[in-house]
Amino acid sequence: MTQQQRTAIVTGGARGIGAATAVRLAADGHRVAVLDLEESAAKATVETIEGAGGTAAAFGADVSDAAAVEAAIGAIVEKLGNPTILVNNAGITKDNLLFKMSEGDWDAVMGVHLKGSFLMTRAVQKYMVEAKWGRVVNLSSTSALGNRGQANYSTAKAGLQGFTKTLAIELGKFGVTANCIAPGFIASEMTKATAERLGVDWEQFKAARAAEIPVQRPGAPEDIANTVSFFVDERSSFVSGQVVYVAGGPKD
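In the UniProt record's numbering, the protein residues as written are 1 to 252.
Okay, here's the thing in structure tokens:
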């Protein structure tokens, strides 16, 4: 079944899961707006897509800033057309144990993950409603189930699951689905930075984590991108409000 070409936005698209998702959606035939905090950071992903014959453009915005989001959406509409696919992937970590965690660390993580997803979705939903077709995919995490040193991140990722279910209820009648992906351990720049912060060799870190995963390997950004691809496809039109743990094994 040939998909209709649509305009997709991937936040946090400069690297890791976001970059892999942008590349996959372009390979699926969509025009992709690669959005990151700095436009320059997103250009490498755009070059990869264009090198493979796809269509993409880089945009810069702080997703936790309403004015910046509105400006970015306006630029995307002008350059690539009305967006009807949104992947809320942008995220940061500010890990610390509760008694050491500052208000700034809490607010920064909430701002990017929760407020950012809210602002982006609020700005894009009108194009989906007008088209009577839309796909929202939010990136949660297995940390939503609780993770030592991540009170802020875990809370934000759990919040995105509730946000997703509410979007599914509110937007379903307009032909819009909303789903959530909760990755397990993914070998990426973010997890490599965690290993460095802990003073653990990266290869040893990956091996230790893989040993805890039923399929006995770390996840790759492409594993998540493939799941996003399903959720934005016509084949998933009766799937909405779901949280899928892509973690190499079952999660409670």
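Don't be surprised by glycine CBs; every beta carbon is placed ideally from N, CA and C. The structure displayed is predicted, hence computed values, not measured ones.
Among the options, nearest to residue i - alpha-carbon criterion
i, options, result
"residue 144", "184, 126, 130, 137", "184"
"residue 14", "234, 45, 179, 198", "45"
"residue 136", "152, 227, 251, 192", "227"
"residue 129", "194, 32, 83", "83"
"residue 90", "77, 241, 12, 189", "12"
"residue 140", "33, 178, 32", "178"
"residue 182", "154, 189, 34, 171", "154"
"residue 49", "107, 232, 150, 22", "22"
"residue 18", "149, 151, 229", "229"
"residue 69", "111, 123, 32, 103", "123"
"residue 169", "201, 157, 242, 77", "242"
"residue 254", "43, 131, 71, 199", "Any answer about residue 254 is impossible in this case: the structure gives the chain only from 1 up to 252."
"residue 29", "20, 40, 41, 7", "7"
"residue 59", "74, 51, 39, 73", "39"
"residue 31", "102, 41, 78", "78"
"residue 41", "16, 26, 27, 51", "16"
"residue 146", "251, 206, 36", "251"
Buried versus exposed call for residue i [16 or more other C-beta atoms within 10 Å across all chains shown]
i, result
"residue 237", "exposed"
"residue 67", "exposed"
"residue 248", "buried"
"residue 172", "exposed"
"residue 99", "exposed"
"residue 221", "buried"
"residue 235", "exposed"
"residue 208", "exposed"
"residue 1", "Confidence is the limiting factor: at residue 1 the pLDDT is only 46, short of 50, which leaves the residue's position unreliable and the question unanswerable from this model."
"residue 218", "buried"
"residue 198", "exposed"
"residue 34", "buried"
"residue 200", "exposed"
"residue 112", "buried"
Range covered by the beta strand (DSSP E) that runs through residue i
i, result
"residue 183", "176 to 183"
"residue 14", "It is not in any beta strand (DSSP E) - residue 14 carries neither H nor E in the DSSP assignment."
"residue 205", "It is not in any beta strand (DSSP E) - residue 205 instead sits in the alpha helix (DSSP H) that spans 202 to 211."
"residue 159", "Residue 159 -> not in any beta strand (DSSP E); alpha helix (DSSP H) instead, spanning 151 to 171."
"residue 87", "83 to 88"
"residue 58", "55 to 60"
Start and end residues, alpha helix (DSSP H) containing residue i
i, result
"residue 135", "Run containing residue 135: none in the alpha helix (DSSP H); it sits in the beta strand (DSSP E), 134 to 139."
"residue 36", "Run containing residue 36: none in the alpha helix (DSSP H); it sits in the beta strand (DSSP E), 31 to 36."
"residue 228", "221 to 231"
"residue 269", "Given that the chain is displayed from residue 1 to residue 252, the structure contains no residue 269 and the question cannot be resolved."
"residue 74", "66 to 80"
"residue 51", "39 to 51"
"residue 238", "Careful: residue 238 lies outside any alpha helix (DSSP H) and carries neither H nor E."
"residue 118", "116 to 131"
Cβ distance (whole Å) where residue i is taken to contact residue j below 8 Å
i, j, result
"residue 9", "residue 87", "7 Å"
"residue 210", "residue 24", "Wrong, their Cβ atoms sit about 23 Å apart, outside the cutoff."
"residue 133", "residue 175", "5 Å"
"residue 156", "residue 110", "6 Å"
"residue 245", "residue 166", "About 20 Å; that fails the 8 Å criterion."
"residue 233", "residue 5", "The Cβ separation is near 13 Å, so there is no contact."
"residue 138", "residue 106", "Residue 138 to residue 106, Cβ: 20 Å. No contact."
Test: residue i CB closer than 8 Å to a CB of chain D
i, result
"residue 156", "Chain labels in this structure do not include chain D; a single protein chain is all it has."
How about the segment 113 to 120 and the segment 63 to 81: do they share at least three Cβ pairs that are nearer than 8 Å? yes
Touch check for the segment 48 to 57 and the segment 88 to 99: three-plus C-beta pairs under 8 Å? no
For the segment 162 to 172 against the segment 191 to 199, do three or more pairs of beta-carbon atoms, one drawn from each stretch, fall closer than 8 Å, so that the two count as touching? no
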